[in-house]
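Residues in the sequence shown are numbered consecutively from 968, following the numbering used here.
Cβ coordinates follow ideal geometry from the N, Cα and C atoms, glycine included.
Keep in mind that this is a model prediction, so the values were computed, not measured.
One structure below.
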Amino acid sequence: MNESSPTTHVTPPLSSEDRPARLTVLASGGGSNLAALLAACEEQTYGARVVAVGTDRHGTGAADLACQAGIRHFTCRVADYADRAAWDEALTAEVAREAPDLVISAGFLKLCGPAFLRAFAGRYVNTHNSLLPAFPGIRGPADALAYGVKLAGATLFVVDEGIDTGVVLAQVAVPVHFEDDADTLLERIKVAERRQLVDTIGQMCREGWTIRGRLAKIGA
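The structure is reproduced here in structure tokens:
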């Protein structure tokens, strides 16, 4: 029996010589990934600029970075809404205000709901500190260390309805040292993760990408 071919989705370059791609970044903490993206966007050839920063709590370093850069910042706290669905609708509306080409979860510790995922389907990406599908969730580096793997790393992927289950866009490996603890491994992963995030987002904006089933290719 012949199996049907997987669907192919082609996204053309998001930027042009006179229009950089528009990025909205969601974060929950200090904003180290946001800082790396902001620094990259200062280069004219990068092909993107951050147009808004959203957080899920007050008093974050990410919000401070947005303020310093003169970028619109908004906060959507789950506690401020009647239920999770209402929060999801509000977050969707706030992000949509700037008409982003890509939405980037850079340390955003909330799962977005159906309204958000419909609005930004295929354009919402997340970076995770393990080599998915191994060690999903918030304890990736610690779980990798406990399992005894020799390679850990980071994954950039398209967000879907699952937890860290979306199509993989890029991965970078980080060796696990015998002397590592969870903190030292995490810090080395963060360095590689930031570099991968910046490089991959820039290439996606400048060159576009193709997804066929679960396979992804960036560039022509």
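Given a cut-off of 8 angstroms on the beta-carbon distance, is the pair L990 and R1016 in contact?
yes
Compute the distance between the beta-carbons of G1120 and V1134, then report whether it is under 8 angstroms.
no
For G1169, which residues of its own chain have a beta-carbon under 7 angstroms away from its beta-carbon, when the five flanking residues on both sides are left out?
A1007, Y1013, G1014, A1015
Rounded to whole angstroms, what is the Cα-Cα separation between V1018 and A1159?
25 angstroms
C-beta contact flag for S1097 and T1122 at 8 angstroms
yes
With which residues is N1093 paired in a DSSP beta bridge?
DSSP output for N1093 lists S1072, F1124 as bridge partner(s).
Return the Cβ separation of L1058 and F1083 in integer angstroms, given the expectation that the two are a contact with Cβ distance under 8 angstroms.
6 angstroms
In this structure, how does DSSP classify S983 when only helix, strand and coil are distinguished?
strand
Do you know whose CA, among G1129, Y1048, E984, lies nearest P1081's CA?
G1129
Using the rule of at least 16 other Cβ atoms within 10 Å of the residue's Cβ for burial, across every protein chain shown, is L1136 buried or exposed?
buried
Residues of its chain near C1034, where Cβ-Cβ distance is below 8 angstroms and the 5 sequence neighbours each way are ignored:
H1040
Classify M968: buried if its beta carbon has 16 or more other beta carbons within 10 angstroms, exposed otherwise.
Confidence at M968 is low in this model, with a pLDDT of 43, below 50, so the placement of that residue is unreliable and no value is reported for it.
For F1041, three-class secondary structure by DSSP
strand
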